[in-house]
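What follows is a set of notes on a single structure, which appears directly below.
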Amino acid sequence: MRKLAILTSGGDSQGMNTAIRTVAKAAMNKGWEVYGIRRGYKGMLDDDIFKLSPLDVAGLTGKGGTKLLTARLPEFKYPEVRAKAAENLKKRGIDQLVVIGGDGSFHGAHYLYEEHGIKTVGIPGTIDNDIAGTEQTIGFDTTLNIVSDFISKVSDTAKSHERTMFVEVMGRNCGDIALFGGVAAAANGILIPEVEWKIEDIENIVKRRRANGKNYNIIVVAEGVGNTHEIAKELATRMPELDIRVSVIGHMQRGGAPSANDRLLATKLGIAAVDILDKGEQAGVMVGIDRNNVSVHKLSYAWENYSSKNNKDFYDIAMMLSV
Ligand code: F6P
């Protein structure tokens, strides 16, 4: 009997549950025995591995969070830790593993395949969209909806009070949430780690908007840029006439029901992951989406080819529209 385990690892993202459900159902449909691992690699190490029944994965499609729980395990970078974790799969006869997570999780899956022959497939699940080999990661679309809704609401009050509002968003070292969420909500300034900026740039935007009769400003800051409160202070020093506030969205960006797009993405990629394992020709790979088709790359492609997805052109468009 073929056996497959599923885990979610790293920061959770909306749609992880959809992916769990899809992978489990597709594998059960092939007659495989399916296992869940709690808390990602931590559960694999702690032997927290249990058989999943169809009921365990029922009703998950639209649920936020991850039913399998998640964790970060920095110790997984040590070969002896991975060996101990791999042993817990092997003793059950599990030699197939689907890992739903981000860049760090893919590193773990890569080494489990290279060192222990566990047939791994990675499904990109992170709100950050910071993985090469896929145009979008699962959760990114939902987060953009949350961020653009938040910015629109903040814009209402900024207009009423004629204020300058800084909105800090997540994304680690990637500016995609800030850039695409900012454009979707017509932000006036967007600061992302991939594009150099100076405080004078914001000052100029504010001045140009003022000349156009616009006395409020929304500046979106990706967390990877630095301390938003410090940036706001710097602007306040240069333009003391401004009434400035800072809003940090925080973890609500990772919560709530996945968007329809994230559910569909998770479903497509979940099916593809099981198909790859079923064919048995490839492992140590990730699945992604490329112009609406599923793409397959080696797991290492995710970090070796990551270059912030060349957003400079789109950034210039965003800035053109900002004033
Ligand atoms: O990787 C997802 C993410 O939400 C990042 O955007 C953010 O920097 C980080 O996780 C926050 O991590 P934690 O939930 O551990 O505070």
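Residue numbers (the working numbering): 126 to 448.
Ideal Cβ placement from N, Cα and C applies to all residues, glycine included.
Original post:
Does the Cβ of residue 232 lie closer than 8 Å to at least one heavy atom of the ligand F6P?
Top reply: For this step, residue 232 is matched to residue 107 along the sequence shown. Residue 232: no, Cβ never under 8 Å from the ligand F6P.
Subject >> Rounded separation between residue 156 and residue 139 - CA only >> reply: In the sequence shown, counting from the first residue as 1, residue 156 sits at position 31. In the sequence shown, counting from the first residue as 1, residue 139 sits at position 14. Residue 156 and residue 139 have their alpha carbons spaced roughly 28 Å apart.
Original post:
Are the segment 247-257 and the segment 215-229 touching, with three or more C-beta to C-beta distances below 8 Å?
Top reply: For the pair of segments examined, the segment 247-257 was found to touch the segment 215-229: the number of CB pairs separated by less than 8 Å reaches three.
Original post:
Roughly how many angstroms separate the alpha carbons of residue 311 and residue 344, rounded to a whole number?
Top reply: As a position in the sequence shown, residue 311 is number 186, starting the count at 1. As a position in the sequence shown, residue 344 is number 219, starting the count at 1. Each residue's Cα considered, the two are about 10 Å apart.
**OP:** Taking 7 Å as the limit, tell me which residues put their C-beta closer than that to any heavy atom of the ligand F6P, in chain order.
**Re:** Those residues, listed in chain order, are 135, 136, 197, 227, 251, 252, 253, 295, 296, 297, 348, 376, 378 and 379.
**OP:** Mark residue 167 as exposed unless 16 or more other C-beta atoms lie within 10 angstroms of its C-beta, in which case mark it buried.
**Re:** Locating residue 167 in the sequence shown gives position 42, where the first residue counts as 1. Of the residues assessed, residue 167 falls on the buried side of the cut-off, its CB having 16 or more other CB atoms within 10 angstroms.
Original post:
Cβ of residue 207 within 9 Å of Cβ of residue 229?
Top reply: Along the sequence shown, one-based indexing puts residue 207 at 82. Along the sequence shown, one-based indexing puts residue 229 at 104. No. Outside cutoff.
Original post:
Whole beta strand (DSSP E) runs in the segment 163-233 with 3 or more residues, listed along the chain?
Top reply: The segment 163-233 contains these whole beta strand (DSSP E) runs: 174-176 and 221-226.
Original post:
For residue 261, which of 415, 430, 216 and 154 has the nearest alpha-carbon?
Top reply: As a first step, residue 261 is located in the sequence shown; it is residue number 136 there, counting from the start. Residue 261 has its Cα closest to that of 415, out of 415, 430, 216 and 154.
Original post:
Identify the residues that DSSP records as bridge partners of residue 250: which are they?
Top reply: Walking along the sequence shown from the start, residue 250 turns up at place 125. 263, per the DSSP bridge assignment.
Subject >> Residue from 316, 353, 359 and 131 whose Cα sits closest to the Cα of residue 447 >> reply: Locating residue 447 in the sequence shown gives position 322, where the first residue counts as 1. Distance check between residue 447 and each of 316, 353, 359 and 131 places 316 closest, using alpha-carbon atoms only.
**OP:** Reducing DSSP to helix, strand and coil, say where residue 320 ends up.
**Re:** Position 195 of the sequence shown, counted from the first residue, corresponds to residue 320. Coil, per DSSP.
Subject >> Residues that residue 417 bridges to, as DSSP identifies them >> reply: Numbered from its first residue, the sequence shown carries residue 417 at position 292. Under the DSSP definition of a beta bridge, residue 417 lacks any partner.
Subject >> Selected residue, minimal CA-CA separation from residue 383, among 269, 150, 234 and 256 >> reply: On the sequence shown, residue 383 is found 258 positions in, with the first residue counted as 1. The shortest C-alpha to C-alpha distance from residue 383 to any of 269, 150, 234 and 256 is the one to 269.
Original post:
Can residue 194 and residue 163 be called in contact, C-beta distance under 9 Å?
Top reply: As a working mapping, residue 194 is identified with position 69 in the sequence shown. As a working mapping, residue 163 is identified with position 38 in the sequence shown. Between residue 194 and residue 163, the CB-CB gap stays under 9 Å.
Original post:
Alpha carbon to alpha carbon, how far is residue 421 from residue 342?
Top reply: Position 296 of the sequence shown holds residue 421. Position 217 of the sequence shown holds residue 342. So the two alpha carbons sit approximately 42 Å from each other.
Subject >> Residue burial classification, residue 366 (beta-carbon count within 10 angstroms, cutoff 16) >> reply: To locate residue 366, count along the sequence shown from 1; it is residue 241. Per the 10 Å Cβ criterion, exposed.
Original post:
DSSP puts residue 312 in a beta bridge; with which residues?
Top reply: Within the sequence shown, numbered from 1, the residue matching residue 312 stands at position 187. For residue 312, which the question treats as bridged, DSSP gives no partner whatsoever.
Original post:
Considering only C-alpha positions, which residue in the set 401, 182, 128 and 369 is nearest to residue 290?
Top reply: Stepping through the sequence shown from its first residue, residue 290 is reached at position 165. If we check each option's Cα against that of residue 290, 369 comes out closest.
**OP:** Please go through the segment 368-431 and give each complete alpha helix (DSSP H) segment of 4 or more residues, from N-terminal end onward.
**Re:** List check, alpha helix (DSSP H) in window: 385-404 and 426-429.
**OP:** Find the nearest neighbour of residue 160 within the set 148, 213, 326 and 129, judged by alpha-carbon distance.
**Re:** Here residue 160 refers to the residue found at position 35 when the sequence shown is read from its first residue. Of the candidates 148, 213, 326 and 129, the one whose C-alpha sits nearest the C-alpha of residue 160 is 129.
**OP:** With DSSP as the reference, label residue 339 as helix, strand or coil.
**Re:** In the sequence shown, residue 339 corresponds to position 214, counting from 1. Correct three-state label for residue 339: coil.
**OP:** Determine the direct distance from the alpha carbon of residue 335 to that of residue 372, and round the result to whole angstroms.
**Re:** Taking the first residue of the sequence shown as position 1, residue 372 is located at position 247. Taking the first residue of the sequence shown as position 1, residue 335 is located at position 210. C-alpha separation (whole angstroms): 22 Å.
Original post:
Roughly how many whole angstroms lie between the Cα atoms of residue 394 and residue 322?
Top reply: Stepping through the sequence shown from its first residue, residue 394 is reached at position 269. Stepping through the sequence shown from its first residue, residue 322 is reached at position 197. Whole-angstrom Cα-Cα distance: 37 Å.
**OP:** Specify, as a first and last residue, the run of the beta strand (DSSP E) that residue 148 falls within.
**Re:** Locating residue 148 in the sequence shown gives position 23, counting from the first residue. Per DSSP, residue 148 belongs to no beta strand (DSSP E); it is in the alpha helix (DSSP H), 141-154.
Original post:
Would you report the Cα separation of residue 409 and residue 340, rounded to the nearest angstrom?
Top reply: Residue mapping note: residue 409 aligns to position 284 of the sequence shown, counting from 1. Residue mapping note: residue 340 aligns to position 215 of the sequence shown, counting from 1. When rounded, the distance between both Cα atoms is 53 Å.
Original post:
In whole angstroms, what separates the C-alpha of residue 381 from that of residue 186?
Top reply: Translated into the one-based positions of the sequence shown, residue 381 becomes position 256. Translated into the one-based positions of the sequence shown, residue 186 becomes position 61. Each residue's alpha carbon lies about 12 Å from the other.
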